[in-house]
Amino acid sequence: MKGLNALLVTAALLASTTFTQAADLEVTHWWTSGGEAAAVRVFADAVNNSGHTWVDSAIAGGDNARPVIISRISGGDPMQATQLNTGRDAEDLIRAGLMTDLTEVAEKEGWADIIRPAKLLDSCRYEGRIYCVPVNIHSFQWMWLNRKVYEQNGLAVPTNWSEFVQSAPTLRDKGITPLAVGGEPWQLSGMSGVFQVAVGGVDLYRKIKAQKSVEAASGPEMRKVFQAFADARDLGDNGHVGRAWNNATSMVITGKAAAQIMGDWAQGEFSMAEQVAGKDYDCLPGLGMNPVLDTGGDSFFFPKPVGDQPDVVKAQLEMASLLVSKAVQVDFNLKKGSLPVRGDVDLNAANSCMKKGIAILSDPENILPATEQSFSSDTQGQLEDLWVEFFNAPEMTVDEAQARYAQIIEFAD
Amino acid sequence: MSTLKRSNPLFRNLNAKIAALPMIATTLVVFLGCSIWTVVYSFTKSRSLPLNDFVGLMQYERLFRTSRWLISLENIVIYGVFALVFSFVVGFVLAALIDQKIRFESTFRTIFLYPFALSFIVTGVVWQWILNPTMGLQASIRSMGWESFTFDLIAGRDTVIYALLIAGLWQGTGFVMVLMLAGIRSTDDEIWKAARIDGIPTWKTYLFIVIPMMRGVIMTTLVIVAAGIVKLYDLVVAMTQGGPGISSEVPAKYVYDFMFARGNLGQGLAASTVMLTTVLIIIIPWAYLEYGRKKKG
Amino acid sequence: MTSELLHDQQKPRTYSFDARPHEPAGAKPAKRLSPARIMIYSLLFVATLYYLLPLYVMVMTSLKGLPEIRLGNIFSPPMKLTFAPWVKAWDGACTGLYCEGLKVGFWNSIKITVPSTIVSIAVASVNGYALTNWKFKGSEVFFAILIFGSFIPYQVMLFPLVIITRELGIFGSLSGIVFIHTIFGMPILTLLFRNYFMSLPPELFKAARVDGAGFWRIFLVILVPMSLPIFAVALILQVTGIWNDFLFGLVFAGLKNFPMTVQLNNIVNATQGVKEYNVNMAAALLTGLVPLSIYFISGKLFVRGIAAGAVKG
Numbered sequence: 001m002k003g004l005n006a007l008l009v010t011a012a013l014l015a016s017t018t019f020t021q022a023a024d025l026e027v028t029h030w031w032t033s034g035g036e037a038a039a040v041r042v043f044a045d046a047v048n049n050s051g052h053t054w055v056d057s058a059i060a061g062g063d064n065a066r067p068v069i070i071s072r073i074s075g076g077d078p079m080q081a082t083q084l085n086t087g088r089d090a091e092d093l094i095r096a097g098l099m100t101d102l103t104e105v106a107e108k109e110g111w112a113d114i115i116r117p118a119k120l121l122d123s124c125r126y127e128g129r130i131y132c133v134p135v136n137i138h139s140f141q142w143m144w145l146n147r148k149v150y151e152q153n154g155l156a157v158p159t160n161w162s163e164f165v166q167s168a169p170t171l172r173d174k175g176i177t178p179l180a181v182g183g184e185p186w187q188l189s190g191m192s193g194v195f196q197v198a199v200g201g202v203d204l205y206r207k208i209k210a211q212k213s214v215e216a217a218s219g220p221e222m223r224k225v226f227q228a229f230a231d232a233r234d235l236g237d238n239g240h241v242g243r244a245w246n247n248a249t250s251m252v253i254t255g256k257a258a259a260q261i262m263g264d265w266a267q268g269e270f271s272m273a274e275q276v277a278g279k280d281y282d283c284l285p286g287l288g289m290n291p292v293l294d295t296g297g298d299s300f301f302f303p304k305p306v307g308d309q310p311d312v313v314k315a316q317l318e319m320a321s322l323l324v325s326k327a328v329q330v331d332f333n334l335k336k337g338s339l340p341v342r343g344d345v346d347l348n349a350a351n352s353c354m355k356k357g358i359a360i361l362s363d364p365e366n367i368l369p370a371t372e373q374s375f376s377s378d379t380q381g382q383l384e385d386l387w388v389e390f391f392n393a394p395e396m397t398v399d400e401a402q403a404r405y406a407q408i409i410e411f412a413d
Numbered sequence: 001m002s003t004l005k006r007s008n009p010l011f012r013n014l015n016a017k018i019a020a021l022p023m024i025a026t027t028l029v030v031f032l033g034c035s036i037w038t039v040v041y042s043f044t045k046s047r048s049l050p051l052n053d054f055v056g057l058m059q060y061e062r063l064f065r066t067s068r069w070l071i072s073l074e075n076i077v078i079y080g081v082f083a084l085v086f087s088f089v090v091g092f093v094l095a096a097l098i099d100q101k102i103r104f105e106s107t108f109r110t111i112f113l114y115p116f117a118l119s120f121i122v123t124g125v126v127w128q129w130i131l132n133p134t135m136g137l138q139a140s141i142r143s144m145g146w147e148s149f150t151f152d153l154i155a156g157r158d159t160v161i162y163a164l165l166i167a168g169l170w171q172g173t174g175f176v177m178v179l180m181l182a183g184i185r186s187t188d189d190e191i192w193k194a195a196r197i198d199g200i201p202t203w204k205t206y207l208f209i210v211i212p213m214m215r216g217v218i219m220t221t222l223v224i225v226a227a228g229i230v231k232l233y234d235l236v237v238a239m240t241q242g243g244p245g246i247s248s249e250v251p252a253k254y255v256y257d258f259m260f261a262r263g264n265l266g267q268g269l270a271a272s273t274v275m276l277t278t279v280l281i282i283i284i285p286w287a288y289l290e291y292g293r294k295k296k297g
Numbered sequence: 001m002t003s004e005l006l007h008d009q010q011k012p013r014t015y016s017f018d019a020r021p022h023e024p025a026g027a028k029p030a031k032r033l034s035p036a037r038i039m040i041y042s043l044l045f046v047a048t049l050y051y052l053l054p055l056y057v058m059v060m061t062s063l064k065g066l067p068e069i070r071l072g073n074i075f076s077p078p079m080k081l082t083f084a085p086w087v088k089a090w091d092g093a094c095t096g097l098y099c100e101g102l103k104v105g106f107w108n109s110i111k112i113t114v115p116s117t118i119v120s121i122a123v124a125s126v127n128g129y130a131l132t133n134w135k136f137k138g139s140e141v142f143f144a145i146l147i148f149g150s151f152i153p154y155q156v157m158l159f160p161l162v163i164i165t166r167e168l169g170i171f172g173s174l175s176g177i178v179f180i181h182t183i184f185g186m187p188i189l190t191l192l193f194r195n196y197f198m199s200l201p202p203e204l205f206k207a208a209r210v211d212g213a214g215f216w217r218i219f220l221v222i223l224v225p226m227s228l229p230i231f232a233v234a235l236i237l238q239v240t241g242i243w244n245d246f247l248f249g250l251v252f253a254g255l256k257n258f259p260m261t262v263q264l265n266n267i268v269n270a271t272q273g274v275k276e277y278n279v280n281m282a283a284a285l286l287t288g289l290v291p292l293s294i295y296f297i298s299g300k301l302f303v304r305g306i307a308a309g310a311v312k313g
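Protein chains in written order, with UniProt numbering: chain R, 1 to 413; chain V, 1 to 297; chain G, 1 to 313.
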């Protein structure tokens, strides 16, 4: 508790010397691991230096945190700020008038101009008003390859998905699992999004995710995606049940498997194992077929305080503006391993894979909305169930799966 | 019996009622209240927050069209039957073994009970490793030279439920054993002396004399085990996440996923209502039997 | 009063078994190495293997470094022994902003567990007693609803309970969390006590009534000492449940009272960061120590033939 006490004392001193209405800001989030904690520290320091006090309430696991966050906000005991996924998690809470309106700051600072991709801010917008602030970009569109596995077996390191599939039988003969697959449902639904771009193409992705086009969902391009996904069944091993994503990553690092399709956070595992990008491992955005990125990530919301507390609201607005400020963005994202939400910052310290990501993001054409921005969590859940069932049920035909897919898209919200 | 007439019935009732007041309040407000709340909002299309937006049976229609829910129901029946039988058999046998005036009784009891104390988020991971064919028992035994050894329950869609069972029993049977032990220990020493004199074998004494005397504890255990089965959730999340595919999904997981992760309160509560109705269908005849007995007695 | 009880006890029991004239039982035959004993110990040994295998994996994992864990051989003992994960779990693991390990929440967990266990067991044992010996009209109906309540998934009750505790003014406080644990413990514990008290010889209760003992006196002086094994079971159940709970602690206990399990969950449940399995295992084992010691200590309460002993002694 020493750290906390010191913090409180400093904060109390700051509060008493400056006469601004310093407020305690309790912040809930689910960034609890070592690297994540270091990133949160950047935010907390920024808030504390501004005279307010960051009171940390970390709850690991979005599924654990969400019930607590929602029940406390709706139960009338709101925290002053909370992390949620960029997307539509908080729609109901906004509609119920439980979130502080940030439009005033957003307009003053011109968020619409500095935040890129612009889509990101759209998911914070409800009836024209801004209710959240995006803080980082994570993308699922990556494949990670162990170079040594290929080199030691006399194979060229694949540069795209087709080459990877061709090399798979040779790897299999050598006792190496070509594709490390995990068992958590989100891993499979995330993988489906990657295939949708790589195999189906950017147009297909946009038509389905942005326009919810049933025609595209039941068309030939989408059929190819399902076919590729079905083929991927044979590339994995039978130990994937319940396997955590990072255990799958370990398989790639240790050479038991050749590759994994996983978001950019997988890079943390590689660097923990002292692997060097380009030497020990390779990263292929968009499976090397369509190098684009989707833009998921995290946002902060500011629940409205109970009763009339203008001081708190003012502090919330100040905090929101701090989170997107340049220095904080750079510092935070380097520690988090994610990409900043604004393009006008300098990220020299990034490694080669991150730089690939930044280069891709510099062209707005390369930016795709993430699934969580396109669909409600309910629709996402239905899609997830379908992909997971399809991947594990060899008797389920491509046509059957696609028909169900089209139906979900038809009723998607 | 005549003694009861002497006491003031009003006073007697009053005292017991005061003592039972917290229970009465909890029953009415919390358990009855929450059940009604659940049923009412299952007819709405509430998303993240409860809304009074009634849509009739829509949530139920969707529920029974969803293959995941149907698989969940099937799974819980299979799991439930096996878990009930094995919990009782293993729990009782362990308790009876421990009851044999063995040395280090406390140590054995603690060993069988410790899984109950550990966070399932972590022990579930350990079981998943052990049962995983590529890194667990199968891999280890194969590397020792027995190449054809196969132990991959967790990887099969039809067998994964038994993998859950192995871990579930590991966690829960210790507590059943403790309950059974409390029941066995509450029976009188005299019984044993008498049985020994009559030359009744130990196993017969347990089976035909001790068990019938443990009716109370057995009923308690039945409810605890059954409630645990209905609420089965942590184990699945920690071990399989419902996989492979959706083949180890269970109803409670469906409820929580929809209530929170998927922000569809109406759908989650509809599933919950179906679960609670099923429980009621089982409990009502049982309660009826209980009362019937009391009135006769 | 005890004399009355004594007489009552000596009467033929309600047991179906017909007790023959008592003879001195003598010391239990010391069948140390008889085939039956060997059988008993071998069965216990096999069971022990099943129960200890995961513990073995946990302990081994907690003593390895991360690179060794990544190799994925879960049964092999550590090549390079390290206790750093244990130190880190207790003292340095990060949960969000603060990297102070599990120790932060330890006292909060004690503060929550002790009163919650005592209050919930006290309330439920009195419930069970009232339902057994002091039935009133409708008492069975309340009991049936209570049993039904044990089947309602906790999470379903989250929203209504937030509203109830808020209205009572105890949301986000220590009293709030004690209240919640008392409510959730009530169905199973009441059932536990009621069914146990039912199985005790009713003559005891009647004799005490004849002696003019009142509601509380009968409970405290006669029933409680006779029911030590079931109190042990209740203690085991509650300490485990309350100590390991984190959802309710998180929602109802308030920021100042976050229990240790919040830290445990934060350490083991991080989704996108690097998973330190060795620290996770050490943290889980450390957290389990408190219930584990309760299991060991409560063993003393599992005494045979309390009923007879209490009366005769």
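Backbone N, C-alpha and C fix where the C-beta goes; we use that ideal spot for every residue, glycine too.
For this session: Return no unless some Cβ of chain R is closer than 7 Å to the Cβ of residue 275 of chain G.
Result: Position 275 of the third sequence, counted from the start, is the residue given in the question as residue 275 of chain G. Residue 275 of chain G counts as touching chain R.
Exercise. Relative to the C-alpha of residue 394 of chain R, which residue among R:227, R:203, R:222, R:266 is closest?
Worked result: Residue mapping note: residue 394 of chain R aligns to position 394 of the first sequence, counting from 1. When each option's Cα is compared against that of residue 394 of chain R, the closest is R:227.
Problem set entry | 7 Å Cβ cutoff met for residue 44 of chain V and residue 266 of chain V | For this step, residue 44 of chain V is matched to residue 44 along the second sequence. For this step, residue 266 of chain V is matched to residue 266 along the second sequence. It is a contact, given that the beta carbons lie within the stated cut-off.
Exercise. If we cut at 7 Å on Cβ distances, does residue 238 of chain R have a partner in chain V?
Worked result: As a position in the first sequence, residue 238 of chain R is number 238, starting the count at 1. Yes, residue 238 of chain R counts as interfacial toward chain V.
For this session: Could you check if residue 18 of chain V is buried or exposed, using at least 16 other CB atoms within 10 Å of its CB as the buried criterion?
Result: Here residue 18 of chain V refers to the residue found at position 18 when the second sequence is read from its first residue. The residue in question, residue 18 of chain V, is exposed, as its Cβ has fewer than 16 Cβ neighbours within 10 Å.
Problem set entry | Residues that residue 276 of chain R bridges to, as DSSP identifies them | Residue mapping note: residue 276 of chain R aligns to position 276 of the first sequence, counting from 1. Paired residue(s): none; residue 276 of chain R is not in a bridge.
For this session: Assuming residue 192 of chain G and residue 234 of chain G form a contact by the criterion Cβ under 8 Å, report the distance between their Cβ atoms to the nearest whole angstrom.
Result: Translated into the one-based positions of the third sequence, residue 192 of chain G becomes position 192. Translated into the one-based positions of the third sequence, residue 234 of chain G becomes position 234. Indeed, because the Cβ distance is near 6 Å, the residues count as touching under 8 Å.
Problem set entry | Under 7 Å (Cβ pairs) to chain V, residues found in the region 199-230 of chain G | 199, 206, 209, 210, 215, 229, 230
For this session: Could you give the DSSP three-state label for residue 108 of chain V: helix, strand or coil?
Result: Locating residue 108 of chain V in the second sequence gives position 108, where the first residue counts as 1. In this structure, residue 108 of chain V counts as helix in the three-state DSSP scheme.
Problem set entry | Proximal residues to residue 180 of chain V (C-beta, below 6 Å), its chain only, five neighbours per side dropped | Position 180 of the second sequence, counted from the first residue, corresponds to residue 180 of chain V. Only 91, 92, 95 meet the Cβ criterion.
For this session: Give, in chain order, every unbroken run of the beta strand (DSSP E) that is at least 3 residues long and sits entirely within the region 10-60 of chain V.
Result: none
Exercise. Which chain G residues sit within Cβ distance under 9 Å of residue 176 of chain V?
Worked result: Counted from its first residue, the second sequence places residue 176 of chain V at position 176. Neighbours of residue 176 of chain V on chain G: none; closest Cβ ~11 Å, over 9 Å.
Problem set entry | Residues in the region 67-85 of chain R having any Cβ partner in chain V nearer than 8 Å | 67, 70, 74
Exercise. Cα separation between residue 174 of chain G and residue 164 of chain G?
Worked result: What you label residue 174 of chain G is simply residue 174 of the third sequence in a count that begins at 1. What you label residue 164 of chain G is simply residue 164 of the third sequence in a count that begins at 1. C-alpha separation (whole angstroms): 15 Å.
Exercise. Which residue's Cα is closest to the Cα of residue 236 of chain R: R:266, R:403, R:392?
Worked result: For the purposes of this step, residue 236 of chain R is taken as the residue at position 236 of the first sequence. For residue 236 of chain R, the nearest C-alpha among the options comes from R:392.
Problem set entry | Any C-beta of chain R under 7 Å from that of residue 248 of chain G | Residue mapping note: residue 248 of chain G aligns to position 248 of the third sequence, counting from 1. Not one chain R Cβ lies under 7 Å of residue 248 of chain G.
For this session: Output yes if chain G places a C-beta closer than 7 Å to the C-beta of residue 219 of chain V; else output no.
Result: Counted from its first residue, the second sequence places residue 219 of chain V at position 219. Closer than 7 Å: yes.
For this session: Evaluate residue 188 of chain V with the Cβ neighbour count: other Cβ atoms within 10 Å of its Cβ, from every protein chain shown; 16 or more gives buried, anything less gives exposed.
Result: Position 188 of the second sequence, counted from the first residue, corresponds to residue 188 of chain V. Counting Cβ neighbours within 10 Å, residue 188 of chain V comes out buried, since at least 16 surround it.
Problem set entry | Residue from G:242, G:83, G:284 with nearest C-alpha to residue 118 of chain G | Start at 1 with the first residue of the third sequence, and residue 118 of chain G comes out as number 118. Residue 118 of chain G has its Cα closest to that of G:242, out of G:242, G:83, G:284.
Exercise. Exposed or buried, which one is residue 294 of chain R when buried takes at least 16 other CB atoms within 10 Å?
Worked result: Residue numbering aside, residue 294 of chain R sits at position 294 when the first sequence is read from its first letter. Looking at its Cβ environment, which holds 16 or more other Cβ atoms inside 10 Å, residue 294 of chain R is buried.
Exercise. Do you know whose CA, among R:301, R:216, R:335, lies nearest residue 94 of chain R's CA?
Worked result: To locate residue 94 of chain R, count along the first sequence from 1; it is residue 94. Considering only alpha carbons, the answer is R:301.
Exercise. Among the residues of its own chain, which have a CB less than 8 Å from the CB of residue 270 of chain R, if the five just before and after it don't count?
Worked result: Position 270 of the first sequence, counted from the first residue, corresponds to residue 270 of chain R. Taken in chain order, the residues that qualify are 144, 249, 253, 277, 280, 281.
Exercise. Should residue 184 of chain G go down as buried or exposed, given a rule of 16 or more other Cβ atoms within 10 Å for buried?
Worked result: In the third sequence, residue 184 of chain G corresponds to position 184, counting from 1. With 16 or more Cβ atoms within 10 Å of its Cβ, residue 184 of chain G is classed as buried.
Exercise. The alpha helix (DSSP H) spanning residue 189 of chain V covers which residue range?
Worked result: For the purposes of this step, residue 189 of chain V is taken as residue 189 along the second sequence, with counting starting at 1. Residue 189 of chain V -> alpha helix (DSSP H) spans 189-198.
Exercise. Can at least three beta-carbon pairs, one atom from the region 149-169 of chain G and one from the region 170-179 of chain V, be found at a separation below 8 Å?
Worked result: no
For this session: Taking the CB atoms as reference points, tell me whether residue 129 of chain R and residue 103 of chain R lie closer together than 7 Å.
Result: Residue mapping note: residue 129 of chain R aligns to position 129 of the first sequence, counting from 1. Residue mapping note: residue 103 of chain R aligns to position 103 of the first sequence, counting from 1. The answer is yes: Cβ separation under 7 Å.
Exercise. For residue 128 of chain V, which residues of its own chain have a beta-carbon under 6 Å away from its beta-carbon, when the five flanking residues on both sides are left out?
Worked result: If you number the second sequence from 1, residue 128 of chain V lands on position 128. Excluding sequence neighbours, residue 128 of chain V sits near 239.
Problem set entry | Cutoff 7 Å: residue 295 of chain G Cβ touching any chain V Cβ | Here the question's residue 295 of chain G lines up with position 295 in the third sequence. Taking Cβ atoms only, chain V reaches closer than 7 Å to residue 295 of chain G, which makes this a yes.
For this session: Taking all protein chains shown into account, decide if residue 18 of chain R is buried (16 or more other Cβ within 10 angstroms of its Cβ) or exposed.
Result: Stepping through the first sequence from its first residue, residue 18 of chain R is reached at position 18. Because the pLDDT of residue 18 of chain R is 44, which lies under 50, any placement of that residue in the model is unreliable, and the question is left without a value.
For this session: Mind the definition here: the region 72-91 of chain R touches the region 305-321 of chain R only if three or more C-beta pairs lie below 8 Å; say whether that holds.
Result: yes
Problem set entry | Close-in-space but distant-in-sequence residues of the same chain around residue 98 of chain R (CB under 8 Å, 5 per side omitted) | Locating residue 98 of chain R in the first sequence gives position 98, where the first residue counts as 1. 73, 74, 78, 303, 304.
Exercise. Residues in the region 294-305 of chain R with C-beta within 9 Å of chain V's C-beta atoms, listed in sequence order?
Worked result: none
Exercise. Is it buried or exposed for residue 416 of chain R, if we count other Cβ within 10 angstroms and need 16 for buried?
Worked result: The shown model of chain R, from 1 to 413, leaves out residue 416 of chain R, and the question about it has no answer.
For this session: Under the assumption that residue 378 of chain R contacts residue 268 of chain V (Cβ atoms under 8 Å), give the Cβ distance between them as a whole number of angstroms.
Result: Position 378 of the first sequence, counted from the start, is the residue given in the question as residue 378 of chain R. Position 268 of the second sequence, counted from the start, is the residue given in the question as residue 268 of chain V. No, residue 378 of chain R and residue 268 of chain V are not in contact; Cβ-Cβ is about 10 Å, not under 8 Å.
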